[in-house]
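>
Number of protein chains: 2
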Amino acid sequence: MTGTAGERVPHERRRRRPTRSGTLLSAGLIVDCALRLIGEHGPEALSVRRLGSALGCDPSAVYRYFRNTDDLLLAVADRIIGDSMEGFVPGPDWVASLREMAHRVRNGYLAHPRAAALASYRVTRRENEFHAVETGVGILLRAGFEPARALRLYLAFVDTVLGHAALDAATLALPAAQREADGRASTLAYRSVDATAYPILATVRAELDVLAESSFEDALDLVLSALVAQAPGGPPGRDRASGAHR
Amino acid sequence: MTGTAGERVPHERRRRRPTRSGTLLSAGLIVDCALRLIGEHGPEALSVRRLGSALGCDPSAVYRYFRNTDDLLLAVADRIIGDSMEGFVPGPDWVASLREMAHRVRNGYLAHPRAAALASYRVTRRENEFHAVETGVGILLRAGFEPARALRLYLAFVDTVLGHAALDAATLALPAAQREADGRASTLAYRSVDATAYPILATVRAELDVLAESSFEDALDLVLSALVAQAPGGPPGRDRASGAHR
DNA sequence: CGTCTTATGTCAACACCATTGACGCAACTT
DNA sequence: AAGTTGCGTCAATGGTGTTGACATAAGACG
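Each protein sequence line maps, in turn, to chains A and B.
Everything in the first sequence is counted per this note's numbering, starting at 1 for the first residue and increasing by one.
Everything in the second sequence is counted per this note's numbering, starting at 1 for the first residue and increasing by one.
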């Protein structure tokens, strides 16, 4: 748990007043509650009113901590990033480190699929995001890329990861029953397509099950292999400061 | 323009009744109007009521053509795919063909950024999507990949493209003024971060302008170069440098 | 031509939603 | 003890999707 506040409050909040029901509000608490609401009852359950009644306070109290619901959403997104990257330290193998980072982000999203579906493509510009960029670019620098190149490649990498994570999260955000039905229906729809109009779909008919699966790992492999091919220091082992020791 | 209807109506609609204002409704017309509304006044302008008044009919008439707003949204998404892929035929160079396909999808999304932001991660399972899959897998088959592998790689490729397009569309969906302010604020926020807490961000400080740019081309280059490296038939065209690395 | 059926546009109502401005209490500061 | 103000509460505004009953015109059939 990292629980940083919204950007509303410059320095530490000093006064507290308990709500009518006795609890003490805080930005972190509200984010917790939002995450819980979304997780339990779906993204559409996130409303200021519901938040208020779940927190035991007037709905409008939320606006003392967040400018609007979008602001709150960004805080939720940043929380997800923070939670998933918590305790991560890159190892000596830069490719493995990037891979772990990708998996952590994805897992973080999948842990809160409904929240992720809402917040995925947002740039939070908050503490936890800074930290992730710092870490990621650092990995590529140690792989031997020039600073400018490292930054660009990191962005390409992380956007790819985020994009796929968002897609997977969106799928997972559907109610379980619908998701499964949806997957089957999709495969079926594709399988039963007219063979003369779509000869190639007919060719791969037997393989269409992969439609229901995520392409995350495949895409990750593609991107990482391209990075390896371009790395000045060559494939990883130790970091490049120790020179090509082979 | 492709304008396929929603899935509500199995066979051709037979009876038409003009609305009070005289126009004849149809699913295609509604999709047109939705796209226009979103394009002109932002995604939040898409409401059944506004749709109604723009069409000169009662809002609830929309429900005769689409089960609900989500259904309408899928139709919009499929329309965007169809419009952007219209008239595309793969050329002899498979890498160039994939690249063009990627650009078309991205341009299609960016042409309706606000609609795309809403619809990007949805699988429409409608006509135009079938067609795109057919085309894309075909390209990879001709590049020499085995059918099963071609399908997997196509999915990884297209999801990457979609993910990035969605991200870019989301950015572009912000009102112009806010978008620019946002980009600047982002760069600034990153640039003014504490140098001792984030030494690596400090290192790349000079390059932080790329934060405001899209990583689409970089990511596309990475994925395509990885595909070239794995292609059984080797790189397309005559000289080896036509493989896609920037 | 008349009648019958039905697709589809219209109306009214329901139950939500975000956001805001005024109000006043309570918890700090001095 | 007095003053300031953070912040929880209240009430109100103007939006939203969706539904069920109703009405009417278009076509089918005689």
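For each residue, glycine too, the CB sits at the ideal point set by N, CA and C.
(1) What's the C-alpha gap between A/Ala-195 and B/Thr-124?
(2) Would you mind giving the Cβ-Cβ distance between B/Leu-247 and B/Ala-27, rounded to the nearest angstrom? I have them listed as a contact below 8 Å.
(3) Quick check on B/His-164 - is its C-beta less than 8 Å from some C-beta in chain A?
(4) Looking at A/Val-228 and A/Val-76, is the spacing between their C-beta atoms short of 8 Å?
(5) Sort B/Ala-132, B/Pro-90, B/Ser-97 by Cα distance to B/Gly-82 and report the nearest one.
(6) Roughly how many angstroms lie between the CA atoms of A/Leu-74 and A/Pro-147, to the nearest whole one?
(7) Hey, out of A/Glu-207, A/Ala-226, A/Leu-162, whose CA is closest to A/Ser-186's CA?
(8) Using a Cβ-Cβ cut-off of 8 Å, state whether A/Arg-321 counts as contacting chain B.
(9) Just to make sure I have the definition right: I need the residues of chain B whose C-beta is within less than 7 Å of the C-beta of A/Arg-106. Which are they?
(10) Using 8 Å as the limit for Cβ to Cβ distance, is B/Val-31 near chain A?
(11) Rounded to whole angstroms, what is the Cα-Cα separation between A/Tyr-121 and A/Val-89?
(12) Quick check on this structure: which residue in B/Asp-168, B/Ala-166, B/Tyr-154 has the alpha carbon closest to the alpha carbon of A/Leu-211?
(13) With three or more C-beta pairs closer than 8 Å as the rule, is the segment 103–116 of chain B touching the segment 56–65 of chain B?
(14) At 8 Å on the CB atoms, spell out the chain A contacts of B/Gly-138, in chain order.
(15) Once the 5 residues before and after B/Leu-220 are set aside, which same chain residues still bring their CB inside 6 Å of it?
(16) Within the same chain, show all residues whose beta-carbon is closer than 7 Å to that of A/Arg-8, passing over the 5 residues directly before and after it, in chain order.
(17) Go ahead and label B/Gly-243 buried or exposed: buried means 16 or more other beta carbons lie within 10 angstroms of its beta carbon, across all protein chains shown.
(18) CB B/Tyr-198 to CB A/Glu-40, shorter than 8 Å?
(19) For A/Val-193, return the contacting residues in chain B, with the cut-off set at a CB-CB distance below 8 Å.
(20) Going residue by residue through the segment 17–57 of chain A, where are the continuous alpha helix (DSSP H) segments of at least 4 residues, counting only ones entirely within it?
(21) Mind checking whether B/Gly-108 and B/Ile-139 have CB atoms under 8 Å apart?
(22) Could you confirm whether any beta carbon from chain A is found closer than 8 Å to the beta carbon of B/Pro-147?
(23) What residue ranges within the segment 148–210 of chain B form continuous alpha helix (DSSP H) runs of no fewer than 4 residues, ordered along the chain?
(24) Checking 8 Å against the spacing of the C-beta atoms, do B/Leu-55 and B/Ile-38 come in under that value?
(25) For a contact meaning CB atoms closer than 9 Å, what does B/Val-223 contact in chain A?
(26) From what residue to what residue does the alpha helix (DSSP H) around A/His-112 run?
(27) Can you grab the Cα-Cα spacing for the pair B/Gly-91 / A/Ala-156, in whole Å?
(28) Does the distance from the CB of A/Phe-130 to the CB of A/Asp-168 come in under 8 Å?
(29) Are the C-beta of A/Glu-207 and some C-beta of chain B separated by less than 8 Å?
(30) Could you give the DSSP three-state label for B/Arg-64: helix, strand or coil?
(31) Given a cut-off of 8 Å on the beta-carbon distance, is the pair B/Gly-163 and A/Thr-171 in contact?
(32) With DSSP as the reference, label B/Thr-69 as helix, strand or coil.
(33) Listed in chain order, which residues of the segment 43–54 of chain B have Cβ atoms closer than 9 Å to some Cβ of chain A?
(34) Taking the alpha-carbon positions, what's the B/Leu-46 to B/Arg-16 distance?
(35) Classify A/Met-1: buried if its beta carbon has 16 or more other beta carbons within 10 angstroms, exposed otherwise.
This is what the structure gives:
(1) In the first sequence, the residue the question calls residue 195 of chain A occupies position 195. In the second sequence, the residue the question calls residue 124 of chain B occupies position 124. Computed Cα separation, rounded: 20 Å.
(2) Residue numbering for chain B in the displayed model covers 1 to 246; residue 247 of chain B lies beyond these limits and cannot be assessed.
(3) Taking the first residue of the second sequence as position 1, residue 164 of chain B is located at position 164. Output row for B/His-164: interface = yes.
(4) Along the first sequence, read from residue 1 onward, the residue named residue 76 of chain A stands at position 76. Along the first sequence, read from residue 1 onward, the residue named residue 228 of chain A stands at position 228. No; because the gap between Cβ atoms is not below 8 Å, this pair is not in contact.
(5) Stepping through the second sequence from its first residue, residue 82 of chain B is reached at position 82. Nearest of B/Ala-132, B/Pro-90, B/Ser-97 to B/Gly-82, Cα basis: B/Ala-132.
(6) Here residue 74 of chain A is taken as the residue at index 74 of the first sequence, counted from 1. Here residue 147 of chain A is taken as the residue at index 147 of the first sequence, counted from 1. Distance between the alpha carbons of A/Leu-74 and A/Pro-147: 28 Å.
(7) Within the first sequence, residue 186 of chain A is the residue found at index 186, counting from 1. That would be A/Glu-207, whose Cα lies nearest to the Cα of A/Ser-186.
(8) No statement about residue 321 of chain A is possible, as the shown extent of chain A runs from 1 to 246 and does not include it.
(9) Against the first sequence, residue 106 of chain A aligns to sequence position 106. Neighbours of A/Arg-106 on chain B: none; closest Cβ ~12 Å, over 7 Å.
(10) Locating residue 31 of chain B in the second sequence gives position 31, where the first residue counts as 1. Chain A contact via Cβ: absent.
(11) Here residue 121 of chain A refers to the residue found at position 121 when the first sequence is read from its first residue. Here residue 89 of chain A refers to the residue found at position 89 when the first sequence is read from its first residue. C-alpha separation (whole angstroms): 25 Å.
(12) Here the question's residue 211 of chain A lines up with position 211 in the first sequence. The residue with the shortest Cα to Cα distance from A/Leu-211 is B/Tyr-154.
(13) no
(14) Reading the second sequence from its first residue, position 138 is the one you call residue 138 of chain B. Chain A residues near B/Gly-138: Ile-200.
(15) Residue mapping note: residue 220 of chain B aligns to position 220 of the second sequence, counting from 1. Contacts found: Ala-102.
(16) Position 8 of the first sequence holds residue 8 of chain A. Annotation note: pLDDT 38 at A/Arg-8 (below 50); position unreliable, no value reported.
(17) Within the second sequence, the letter at position 243 stands for residue 243 of chain B. Below a pLDDT of 50, predicted positions are generally treated as unreliable, and B/Gly-243, at 43, falls in that range; no measurement from the model is reported.
(18) Against the second sequence, residue 198 of chain B aligns to sequence position 198. Against the first sequence, residue 40 of chain A aligns to sequence position 40. Cβ distance not < 8 Å, so B/Tyr-198 and A/Glu-40 don't count as in contact.
(19) Residue numbering aside, residue 193 of chain A sits at position 193 when the first sequence is read from its first letter. Near A/Val-193 (Cβ distances below 8 Å), the residues of chain B are Phe-130.
(20) 27–41, 48–55
(21) Start at 1 with the first residue of the second sequence, and residue 108 of chain B comes out as number 108. Start at 1 with the first residue of the second sequence, and residue 139 of chain B comes out as number 139. The answer is no: Cβ separation not under 8 Å.
(22) In the second sequence, counting from the first residue as 1, residue 147 of chain B sits at position 147. Yes, its Cβ sits closer than 8 Å to a Cβ of chain A.
(23) 176–191, 199–203
(24) Numbered from its first residue, the second sequence carries residue 55 of chain B at position 55. Numbered from its first residue, the second sequence carries residue 38 of chain B at position 38. Not closer than 8 Å, so no.
(25) Your numbering for residue 223 of chain B matches position 223 in the second sequence. Within 9 Å Cβ-Cβ: Thr-160, Ala-219, Leu-222, Val-223, Ala-226.
(26) Taking the first residue of the first sequence as position 1, residue 112 of chain A is located at position 112. Element bounds for A/His-112: n/a, residue is neither H nor E.
(27) In the second sequence, the residue the question calls residue 91 of chain B occupies position 91. In the first sequence, the residue the question calls residue 156 of chain A occupies position 156. Each residue's alpha carbon lies about 27 Å from the other.
(28) One-based indexing of the first sequence puts residue 130 of chain A at position 130. One-based indexing of the first sequence puts residue 168 of chain A at position 168. Taking 8 Å as the Cβ cut-off, A/Phe-130 and A/Asp-168 do not qualify as a contacting pair.
(29) Residue 207 of chain A sits at position 207 when you count from the first residue of the first sequence. So yes, A/Glu-207 belongs to the interface.
(30) Counting from 1 along the second sequence, the entry for residue 64 of chain B is found at position 64. B/Arg-64: helix per DSSP, three-state reduction.
(31) Numbered from its first residue, the second sequence carries residue 163 of chain B at position 163. Numbered from its first residue, the first sequence carries residue 171 of chain A at position 171. In this structure, A/Thr-171 does not lie closer than 8 Å to B/Gly-163 by Cβ.
(32) Taking the second sequence and counting its residues from 1, one reaches residue 69 of chain B at position 69. DSSP places B/Thr-69 in helix when its eight states are reduced to three.
(33) none
(34) Taking the second sequence and counting its residues from 1, one reaches residue 46 of chain B at position 46. Taking the second sequence and counting its residues from 1, one reaches residue 16 of chain B at position 16. Between B/Leu-46 and B/Arg-16, the C-alpha separation is close to 25 Å.
(35) Residue 1 of chain A sits at position 1 when you count from the first residue of the first sequence. Unreliable positioning characterises A/Met-1 in this predicted model, as indicated by a pLDDT of 45, which lies under 50. The coordinate reading is nonetheless provided below. Burial call: exposed.
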